[in-house]
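Under our numbering, the first residue of the sequence shown is numbered 784, with each subsequent residue one higher.
The C-beta atom is built at its ideal place from N, Cα and C for all residues, glycine as well.
Following: one structure in structure tokens, then a few remarks.
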Amino acid sequence: MATPSFQLDPHSVLTKDMFLSVARRNTRTIIAAGLVSTLLLSGLLYTSDAPRSALHFVSSSFSSASTGSTSWPTQCSPEDWSDGEWVQKSPESYPLEHFLSLYPFNASDPQAPNYTPTPEVTRHPLAPLGFAGCASGRERDWHLGMHDDGTPDRNHPEMWSYVVRGASYDWIPKSPACRMYSEQVSREQFIRALVEQGGWFLVGDSVTEQHFFSMSCLLYPHVIATPDYAPHGGSGPRDWPQNLYLNPSSPLVDQLKPPAGFDIKRTPLVTFRRVDLLFEPSELDAIHLSMHNSSDSVPSTLFGPEASESYNLSPDKYLSIFTAPLPEANYKVLLVSTAGHWTTASLPGARDPSDVQKEATNPAVYKTFVEAVRVWTKKVSGALKEPSVGQGVKNSEKQVLIRAYLPGHEFDCHKETGPLTRVREFTREWYNWSWIGRMNEAFKAAIRVEGNPQLRFLGLDKPALLRPDAHSLSDCLHIQIGAGIFEGWARYIWHFMEDLRV
């Protein structure tokens, strides 16, 4: 793991950031008179179960017909932010040809694995990804698509161009108001918000873990990450809690104004917990059985010995962490995303209420998902209404943001050479990918019905759906760190939370 180095005047940086923040808020107040975002109710509950009908992909962000609307509280809704295009960075801000020339790999060259980093690469090994370093030590090569020394992944040396080209684009919304939400946010601005306003708690599967890893890069070197994965070869149990804490060596420490009770060693700025299915198995079984009126004609469990592995936790557990007082926690945002593990492999006992004799199908899993997110949304809304205990962000001040889940891209994404200009429809049933748009719509509808303004759906999926050229080197579902997708989500959320303060 890289050793943090600090070369900045923290006082001047924070003073400038404070000035820009005030100017930005004033500008937003003038520009934003209340943009309206469209929330959609898809034909979702128990309609159109035929798998072929699901192949017409329904994006949560941009393509369904509107059946109702509500005002978005800030000047840039997720739908407006998602109306844009990927634009290649200028040579001045991203010297693409130079980065490509660092390792002109030819997969057939027997000497390819013997390339060593140049002095320039040694000084700035992660420059092609736009990072000074990354605090997290978990599966670094996989997350980064390269090694810590800046050399290509030895398992995929021929994909150096894919990684570098993938990092060479910026997302530019059409709306001038939303372009502010794509502005770069300095590490110092992020740190100040997380310390003084409250941290982020990320709950989800391995894609959300990637988002956590990206945050460890965006905030480097001002954070330290736990646990230390070095003694475990850079890996370890996937359900270990992961945290980012303010680095005691950061020169920002003396410039920040943390709330009373904040403990630099105990209060995390960002936390990730691995939760694939929102609930622990027994809770999900109870939801499924309730759909069938506890009938003996359905399996007693959704899981069983043939179920594929998933990592799960009760909402009671992670909500108790989210609402805990200082110094153990001071979270402002709970960021949740789920859908990828809602498959027949994970839930082989899922049964369709209209045909309980049929084995698990994507429609049956989908209907279970619809009921589960309804129950989950009520539970979370109830937790936010509970009286706050102790110091820190009050329950009434917290925000729960559900980020639209992303399917992968069909076929060989690693042969793609750039972003798309329109989202491709699915041509076949790969995993549950063609159903994920419906699942996003179901979650959005559950939030709309609940009507709690502290719960909001972030349909930020379209920019990523346009990036088959920005996947991890191992598959076509996970996302390349540094390609602007996770980093764009983080910027959007930061700007959104800043606007809520106006």
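Selection from P1042, E922, L885 that minimises the alpha carbon distance to V904: L885
CB contact flag (K1141, S865, <9 Å): no
Local Cβ density within 10 Å of H1254, reported as buried at 16 or more and exposed below that: buried
N1095 to L1243 span [Cα, whole Å]: Roughly 25 Å separates the two Cα atoms.
8 Å contact criterion, which H1075 and V1139 should meet: CB distance rounded: 7 Å
CA nearest to the CA of L1249, picked from A1008, M998, E922, G949: If you compare the alpha carbons of A1008, M998, E922, G949 with that of L1249, the shortest gap goes to G949.
W1213 versus T1050, F1226, V1285, L1260, residue with shortest Cα-Cα distance: L1260
C-beta atoms of P861 and A1187 nearer than 9 Å: yes
7 Å Cβ shell around A1043 - same chain, five flanking residues per side excluded: Q1174
Local Cβ density within 10 Å of V1148, reported as buried at 16 or more and exposed below that: buried
V1081, enclosing beta strand (DSSP E) - first and last residue: For V1081, no beta strand (DSSP E) run applies, since DSSP gives it neither H nor E.
Y952 in three-state terms, based on DSSP: In this structure, Y952 counts as strand in the three-state DSSP scheme.
Residue environment, Q894, which counts as buried when at least 16 other CB atoms sit within 10 Å: Q894 counts as exposed, since fewer than 16 other beta carbons sit within 10 angstroms of its beta carbon.
Option nearest Q993 by Cα separation, candidates C961, G920, V1116: G920
Alpha-carbon to alpha-carbon, E1208 and V1183: 30 Å
Range of the contiguous beta strand (DSSP E) that encloses T1009: 1006-1009
8 Å contact criterion, which S997 and E1270 should meet: CB distance rounded: A Cβ-Cβ distance of about 6 Å is found for the pair S997 and E1270, placing them in contact under the 8 Å criterion.
Nonlocal neighbours in the same chain, by C-beta distance under 7 Å from L1052, ignoring five residues either side: L977, V978, G982, V1006, L1027, Y1028, L1029
Y898 - DSSP class collapsed to helix/strand/coil: coil
First through last residue of the alpha helix (DSSP H) which encompasses K1227: 1219-1233
Reference E1169; option with closest CA among T1106, S854, A960: T1106
DSSP three-state assignment for H1254, whether helix, strand or coil: strand
Beta-ladder partner(s) of T1054, from DSSP: F984, N1026
Pair within 9 Å by beta-carbon distance, L1039 and I974: yes
Cβ pair R1241, I1185 closer than 9 Å: First, the residue type needs correcting, since residue 1241 is Leu and not Arg in the sequence shown. Yes, they are a contact pair.
Cutoff 7 Å; reference S1097; Cβ partners in own chain excluding five residues on either side: F1062, E1063, E1066
DSSP beta-bridge partners of M963: Paired residues: none, contrary to the question.
Buried versus exposed, by CB contacts within 10 Å (16 or more), K1115: buried
Where L1117 sits in the DSSP three-state scheme: strand
Between the CA atoms of Q972 and K1048 - distance to the nearest angstrom: K1048 and Q972: Cα-Cα distance of roughly 21 Å.
Alpha-carbon to alpha-carbon, I1268 and Y964: 13 Å
Unbroken beta strand (DSSP E) run spanning I1313, endpoints: This structure leaves residue 1313 out entirely; the chain is present only between 784 and 1285.
Whole runs of the alpha helix (DSSP H) within the stretch 1098-1154, excluding any shorter than 4 residues: Entirely contained in the stretch 1098-1154, the alpha helix (DSSP H) runs reaching 4 residues are, in chain order, 1098-1105.
Best match in V968, Q1237, G1016 for proximity to C1000 [C-alpha to C-alpha]: Comparing C-alpha distances from C1000 to each of V968, Q1237, G1016 shows the shortest one belongs to V968.
Proximity winner among V1153, L1002, E941, Q1025, relative to E922 (alpha-carbon distances): Q1025
Proximity to C917 [Cα-Cα], best of R970, S1257, I1219: R970
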